[in-house]
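Chains as they are written, first to last, in numbering that gives the first Met the number 0: chain L, 0 to 572; chain W, 0 to 167. Below you'll find the structure, written out as structure tokens, and then a few comments.
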Amino acid sequence: MKLTGAQIFFECLKKEGVEVIFGFPGGAVIDIYHEMPKHPSIRHILVRHEQGAAHMADGYARATGKVGVCLVTSGPGATNTVTGIATAYMDSVPMVIFTGQVPTPLIGNDAFQEVDIVGITRPCTKHNYLVKDVNDLARIIREAFYLARSGRPGPVLVDLPKDVIQASTEFRYPKTVHLRGYKPTVDPHQGQIHRAWDLLKTAKRPVLYAGGGVIISSAHKELLRLAEMLRAPVTTTLMGLGGFPAVIRTEDGQRALHPLWLGMLGMHGTFRANMAVQNCDVLFAIGARFDDRVTGKISGFAPKAKIIHIDVDPTSISKNVLVDIPIVGDCKKALQKLNELVEKEPIPNLEELRAPWLEQIRQWKETYPLAYKQEGETIKPQYVVEKIFELAPEDAIITTEVGQNQMWTAQYFHFTKPRTLLTSGGLGTMGYGLPAAIGAQVAFPDRLVIDVAGDGSIQMNIQEMMTAVCHELPVKVAILNNRFLGMVRQWQELFYNKNYCATCLDASPDFVKLADAYGAVGLRATKPEEVEPVLREAFSTKRPVIMDFWVNPEEGVYPMVPAGKEISEMLLV
Amino acid sequence: MSMTRQNGLRHTIGVLVENQPGVLSRVAGLFSGRGFNIESLTVAETNEPGLSRITLVTTGDQHILEQIIKQLNKLINVIKVYDFRDTEFVEREMALIKVRAEQHTRAEVLRIVDIFRAKVVDVSPHFYTIEVTGDDGKIQAILELLGQIGIVEVARTGKAALARAKKH
Numbered sequence: 000m001k002l003t004g005a006q007i008f009f010e011c012l013k014k015e016g017v018e019v020i021f022g023f024p025g026g027a028v029i030d031i032y033h034e035m036p037k038h039p040s041i042r043h044i045l046v047r048h049e050q051g052a053a054h055m056a057d058g059y060a061r062a063t064g065k066v067g068v069c070l071v072t073s074g075p076g077a078t079n080t081v082t083g084i085a086t087a088y089m090d091s092v093p094m095v096i097f098t099g100q101v102p103t104p105l106i107g108n109d110a111f112q113e114v115d116i117v118g119i120t121r122p123c124t125k126h127n128y129l130v131k132d133v134n135d136l137a138r139i140i141r142e143a144f145y146l147a148r149s150g151r152p153g154p155v156l157v158d159l160p161k162d163v164i165q166a167s168t169e170f171r172y173p174k175t176v177h178l179r180g181y182k183p184t185v186d187p188h189q190g191q192i193h194r195a196w197d198l199l200k201t202a203k204r205p206v207l208y209a210g211g212g213v214i215i216s217s218a219h220k221e222l223l224r225l226a227e228m229l230r231a232p233v234t235t236t237l238m239g240l241g242g243f244p245a246v247i248r249t250e251d252g253q254r255a256l257h258p259l260w261l262g263m264l265g266m267h268g269t270f271r272a273n274m275a276v277q278n279c280d281v282l283f284a285i286g287a288r289f290d291d292r293v294t295g296k297i298s299g300f301a302p303k304a305k306i307i308h309i310d311v312d313p314t315s316i317s318k319n320v321l322v323d324i325p326i327v328g329d330c331k332k333a334l335q336k337l338n339e340l341v342e343k344e345p346i347p348n349l350e351e352l353r354a355p356w357l358e359q360i361r362q363w364k365e366t367y368p369l370a371y372k373q374e375g376e377t378i379k380p381q382y383v384v385e386k387i388f389e390l391a392p393e394d395a396i397i398t399t400e401v402g403q404n405q406m407w408t409a410q411y412f413h414f415t416k417p418r419t420l421l422t423s424g425g426l427g428t429m430g431y432g433l434p435a436a437i438g439a440q441v442a443f444p445d446r447l448v449i450d451v452a453g454d455g456s457i458q459m460n461i462q463e464m465m466t467a468v469c470h471e472l473p474v475k476v477a478i479l480n481n482r483f484l485g486m487v488r489q490w491q492e493l494f495y496n497k498n499y500c501a502t503c504l505d506a507s508p509d510f511v512k513l514a515d516a517y518g519a520v521g522l523r524a525t526k527p528e529e530v531e532p533v534l535r536e537a538f539s540t541k542r543p544v545i546m547d548f549w550v551n552p553e554e555g556v557y558p559m560v561p562a563g564k565e566i567s568e569m570l571l572v
Numbered sequence: 000m001s002m003t004r005q006n007g008l009r010h011t012i013g014v015l016v017e018n019q020p021g022v023l024s025r026v027a028g029l030f031s032g033r034g035f036n037i038e039s040l041t042v043a044e045t046n047e048p049g050l051s052r053i054t055l056v057t058t059g060d061q062h063i064l065e066q067i068i069k070q071l072n073k074l075i076n077v078i079k080v081y082d083f084r085d086t087e088f089v090e091r092e093m094a095l096i097k098v099r100a101e102q103h104t105r106a107e108v109l110r111i112v113d114i115f116r117a118k119v120v121d122v123s124p125h126f127y128t129i130e131v132t133g134d135d136g137k138i139q140a141i142l143e144l145l146g147q148i149g150i151v152e153v154a155r156t157g158k159a160a161l162a163r164a165k166k167h
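As structure tokens, this is what we get:
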């Protein structure tokens with residue numbers, strides 16, 4: 000029996016196990032929308048802006064580990080997704096983006112709502128396709144999902160001309176994918192694992208530096224096991240937060256920082272994490288890519304260390320920092336193999352060997368702990384984040400916008416489980432947090448999902464509040480409202496002679512009334528003692544909530560490494 | 000087979016690609032998007048249906064070259080990247096050179112053509128068009144000599160390269 004392109008589209012999505020599409024209709028994809036009601040197993044979330052659709056698919060993918068899917072129309076519909084696609088690309092998020100396209104005879108004619116989206120997204124997708132023949136449609140969709148989730152994951156775009164969607168053919172879903180040029184190395188080289196172990200077992204001052212790859216490959220248990228067996232301290236990147244349990248339960252049931260946890264490293268990393276990296280003798284990078292926000296001045300990064308690096312993407316190895324022992328492969332597999340070696344041959348007198356190093360780290364922690372003081376009448380933004388951590392259940396999912404709100408979340412919310420922090424690390428996309436929270440809430444309707452936002456960032460995609468209300472997705476938005484574009488203001492204060500040009504947001508909407516206008520709940524706290532009651536009320540409400548916290552406008556994120564400096568050159572307050 | 004340039008070494012790289020739409024733009028876009036330089040680029044189908052070979056010449060230090068090769072390998076449509084650094088290889092380029100050929104210079108032009116084993120492929124009352132094939136040095140040399148007589152136009156193909164076959 001012959002199926003139309005639109006029917007084939009849905010059959011393919013079912014084969015891939017797709018449960019939800021984030022989308023926005025238009026002329027070029029109207030045939031797909033016409034077919035949609037016949038496939039009730041696939042839920043459609045109607046967004047208010049296509050950027051929101053891309054971020055929601057991204058948030059869904061990061062929270063679940065599955066491929067996120069969005070569907071938009073041609074032209075402006077397609078271009079509106081580009082920021083979302085680039086965000087996912089930088090953070091290796093598996094996504095398939097379907098864009099409508101004008102009919103093939105009109106391509107290149109500057110037709111209505113035509114744009115070369117395959118050309119536009121070539122540098123920010125893992126791969127992309129223009130489907131020119133309905134007979135290729137099933138194969139291409141199969142390849143797109145395979146590419147999106149395998150190797151180093153990433154977004155794959157499929158451009159669907161209207162006539163291809165309307166044409167018919169026999170539906171055959173390929174059993175296997177055959178791509179001659181694509182064979183990611185997943186199994187690490189055993190010899191390299193041995194070399195890594197030889198280096199690690201003689202290390203006096205090792206540091207494990209984990210990135211988003213640990214979370215993507217679900218290697219968090221293996222990482223914890225390795226750290227404990229080596230008694231090695233662990234730092235993670237922003238993307239790696241949650242890949243190592245920052246907090247454990249003590250015997251009396253209290254929560255305490257894991258003794259091997261250093262906190263995040265880099266520009267806004269902790270003093271002890273940065274000092275540990277700068278003084279270690281072996282730095283073991285696991286699924287991390289030596290981003291400039293992590294390394295600071297490259298030539299002065301980890302100057303005393305031999306470096307081991309696991310990454311599934313060979314281009315990440317020795318790109319920024321020259322590596323002594325490269326291991327190309329999946330983090331989980333590599334750590335499993337390494338752990339086997341460590342188990343077989345425990346390091347003798349480990350406690351004594353490690354004592355001076357751990358003592359040094361303890362001293363660094365005591366010298367400059369992460370600290371702020373909640374005093375006076377104004378709310379400190381850090382206090383809000385700490386209270387969220389205190390009151391939220393352990394499986395809560397936190398998303399952030401970008402800027403100070405993001406860094407305070409990274410510093411003061413102690414992530415213990417993977418896939419509980421969704422944040423735009425690589426691209427730094429303001430406006431990411433709310434739609435990502437909606438995507439995560441679609442995947443986990445019963446979990447608490449909180450977007451920690453700034454008053455600047457939240458306005459980049461505030462329209463998606465309507466999506467949350469419509470679909471009864473009870474996301475909570477906590478706005479750290481400082482009436483500034485805070486992070487840029489902080490740079491202006493420190494490095495641009497306090498010239499606060501274009502960073503003052505003295506005219507913003509009344510966020511409580513705005514919540515009300517969308518049909519959500521609006522709450523406000525202007526004094527420190529109001530923070531906890533507002534959070535408690537929000538967390539117990541089964542509807543979307545915007546919380547407007549009026550925080551100290553001139554609070555900064557510290558420590559801070561000025562751009563271009565070595566990461567030991569920190570501004571501490 | 001590399002010579003020193005201001006910003007590093009000159010490298011010839013071969014890229015075997017699937018003949019899909021947009022593949023050349025993916026390769027070229029990778030270079031422009033990452034700030035790598037392309038000095039010359041040739042592309043055409045191979046004997047195997049569906050496959051094309053790109054030969055490109057680029058400059059950069061060893062570190063940049065490593066990145067270029069890794070990034071090329073990462074492209075989905077790229078099947079194989081040939082790094083000619085450590086292997087013997089043959090490279091050729093073809094150039095068409097239109098040169099002024101008046102009564103008193105024709106003999107000299109023909110002599111140069113002969114010496115370089117080039118060919119005159121078009122003749123008109125005032126011009127010869129010459130086809131010449133060779134490595135970079137040879138093309139440079141003939142351009143220099145003919146330049147003294149008067150070159151009107153030049154079209155160069157850019158380099159094509161293959162690794163030498165194993166002797167045994």
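A virtual CB, placed ideally from N, CA and C, is assigned to each residue, including glycine.
Next on the checklist: With H, G and I counted as helix, E and B as strand and the rest as coil, what does DSSP make of C330(L)?
Outcome noted: helix
Checklist entry - With a CB to CB cut of under 6 angstroms and the five nearest residues on each side skipped, what residues in its chain are close to T132(W)? => result R91 and M93
Item to check | Nearest to E10(L) (by Cα), restricted to the options L484(L), V383(L) and L136(L) | outcome: L136(L)
Checklist entry - Which chain L residues are close to E47(W), counting only those with a beta carbon under 8 angstroms from its beta carbon? => result Within 8 angstroms Cβ-Cβ: nothing; E47(W) doesn't reach chain L, min ~11 angstroms.
Checklist entry - Any beta-carbon of chain W closer than 8 angstroms to the one on L129(L)? => result Residue-level contact by beta carbon holds for L129(L) and chain W, with a gap shorter than 8 angstroms.
Next on the checklist: So for M406(L), helix, strand or coil by DSSP?
Outcome noted: Residue state, collapsed to three classes: helix.
Next on the checklist: Is Y181(L) close to chain W? Criterion is C-beta to C-beta, closer than 8 angstroms.
Outcome noted: yes
Checklist entry - Does DSSP put G149(W) in a helix, a strand or coil? => result Here G149(W) sits in coil by DSSP.
Checklist entry - To the nearest angstrom, how far is it from the Cα of M0(W) to the Cα of H267(L)? => result The predicted position of M0(W) is uncertain, since its pLDDT is 33 and thus under 50; no value can be drawn from it.
Item to check | P20(W) classed as buried or exposed, judged by whether at least 16 other C-beta atoms fall within 10 angstroms | outcome: exposed
Checklist entry - Which whole-angstrom value describes the C-beta separation of W356(L) and K564(L), a residue pair presumed to lie in contact below a C-beta threshold of 8 angstroms? => result Cβ atoms of W356(L) and K564(L) stay farther apart than 8 angstroms, at about 25 angstroms.
Next on the checklist: Tell me the rounded alpha-carbon separation between C500(L) and W490(L).
Outcome noted: 11 angstroms
Next on the checklist: Taking contact to mean 3 or more Cβ pairs, one atom from each stretch, closer than 8 angstroms, check whether the segment 153–160 of chain L and the segment 96–112 of chain L are in contact.
Outcome noted: yes
Checklist entry - When the Cβ atoms of the segment 421–429 of chain L are set against those of the segment 365–377 of chain L, are three or more pairs found closer than 8 angstroms? => result Short answer: they don't touch.
Checklist entry - For the beta strand (DSSP E) that contains C69(L), what are its first and last residues? => result G67 to V71
Item to check | Sequence-distant residues of the same chain with beta carbon closer than 8 angstroms to G262(L), five excluded per side | outcome: So the list reads T234, A245, G268, T269, R271, A272, L369 and Q410, once near-sequence residues are dropped.
Checklist entry - Using DSSP with H/G/I as helix, E/B as strand and the rest coil, what is L2(L)? => result strand
Next on the checklist: As an exercise, report each continuous beta strand (DSSP E) stretch of at least 3 residues that is fully enclosed by the segment 510–547 of chain L, in chain order.
Outcome noted: 520–524
Next on the checklist: Please give me, in chain order, every unbroken run of the alpha helix (DSSP H) with length at least 4 that falls completely inside the segment 44–101 of chain L.
Outcome noted: Runs of the alpha helix (DSSP H) inside the segment 44–101 of chain L: 49–63, 75–78 and 81–89.
Checklist entry - By the criterion of Cβ-Cβ separation under 7 angstroms, what are the contact partners of V311(L) in chain W? => result Near V311(L) there are no residues of chain W at all, since even the closest Cβ is about 11 angstroms away, more than 7 angstroms.
Checklist entry - Under the three-state reduction of DSSP, which class applies to G262(L): helix, strand or coil? => result strand
Item to check | Unbroken alpha helix (DSSP H) run spanning A117(W), endpoints | outcome: Taken as a continuous stretch (DSSP letters only), A117(W) belongs to no alpha helix (DSSP H), as it is neither H nor E.
Checklist entry - For R84(W) and chain L, any beta-carbon pair shorter than 8 angstroms? => result no
Item to check | Integer Cβ distance of A60(L) from G83(L), believed to fall under 8 angstroms | outcome: That pair is no contact at about 11 angstroms.
Item to check | Bridge partners - W549(L), DSSP secondary structure assignment | outcome: N480(L)
Checklist entry - Name the DSSP beta bridge partners of N127(L), please? => result L156(L)
Checklist entry - Does DSSP classify Y32(L) as helix, strand or coil? => result Y32(L) falls in the helix class under three-state DSSP.
Checklist entry - Quick one: is T314(L) near chain W, going by C-beta distance under 8 angstroms? => result yes
Item to check | Opening and closing residue of the alpha helix (DSSP H) in which E358(L) lies | outcome: L349 to T366
Next on the checklist: Ignoring anything shorter than 4 residues, give me the alpha helix (DSSP H) runs that lie fully in the segment 200–233 of chain L, in order along the chain.
Outcome noted: 211–215 and 219–229
Checklist entry - How about D310(L) and G211(L): are their beta carbons less than 8 angstroms apart? => result no
Item to check | Residues bridged to C279(L) [DSSP beta-bridge criterion] | outcome: Note: C279(L) sits in no beta bridge, so no partner.
Item to check | I449(L) vs I387(L) beta-carbon contact at 8 angstroms | outcome: yes
Checklist entry - Shortest alpha-carbon distance to S317(L) belongs to which of D85(W), A106(W), H62(W) and A162(W)? => result H62(W)
Checklist entry - For L23(W), which of helix, strand or coil comes out of DSSP? => result helix
Next on the checklist: If I measure Cβ to Cβ from A467(L) and keep anything under 6 angstroms in the same chain, skipping five residues before and after, which residues do I get?
Outcome noted: I437, V474 and P543
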